[in-house]
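Numbering (UniProt numbering), first residue to last: 1 to 116.
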């Protein structure tokens with residue numbers, strides 16, 4: 001395993017999982033409020049109307065922001081073996097950014113559509 005694969009493979013895998021999950025939720029959103037799968041937050045589970053809205057928007061945002069880990073994997077081609085911390089940090093940060101933006105954008109839109 002080469003050094004660059006330390007950053008490239010996890011980022012590609014994270015992006016692929018995020019993209020696949022988003023596509024699954026987009027094509028098969030959970031129909032009823034549940035604790036098992038879907039976009040589940042206190043705000044999204046308030047009522048069925050908010051639940052349906054959050055499922056569609058959450059899936060869209062998961063797909064949209066799954067590009068963050070994919071683009072971060074390109075960074076792996078430019079890191080040399082002396083900067084191991086950068087590679088590990090970029091994998092962690094890209095995953096956190098994907099999760100943050102997906103949740104933040106969905107919650108912000110839920111608030112603007114339905115209020116607090």
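Cβ coordinates follow ideal geometry from the N, Cα and C atoms, glycine included.
With 16 other Cβ atoms within 10 Å as the buried cut-off, status of residue i
i, result
"residue 107", "buried"
"residue 115", "exposed"
"residue 55", "buried"
"residue 78", "exposed"
"residue 61", "buried"
N- and C-terminal bounds of the alpha helix (DSSP H) containing residue i
i, result
"residue 82", "From DSSP, residue 82 is part of no alpha helix (DSSP H); its letter is neither H nor E."
"residue 69", "67-75"
Beta-carbon gap between residue i and residue j smaller than 9 angstroms
i, j, result
"residue 90", "residue 22", "no"
"residue 18", "residue 63", "yes"
"residue 30", "residue 51", "yes"
"residue 16", "residue 39", "no"
"residue 94", "residue 14", "yes"
"residue 73", "residue 8", "yes"
DSSP three-state assignment for residue i, whether helix, strand or coil
i, result
"residue 45", "coil"
"residue 35", "coil"
"residue 27", "helix"
"residue 64", "helix"
"residue 56", "helix"
"residue 116", "coil"
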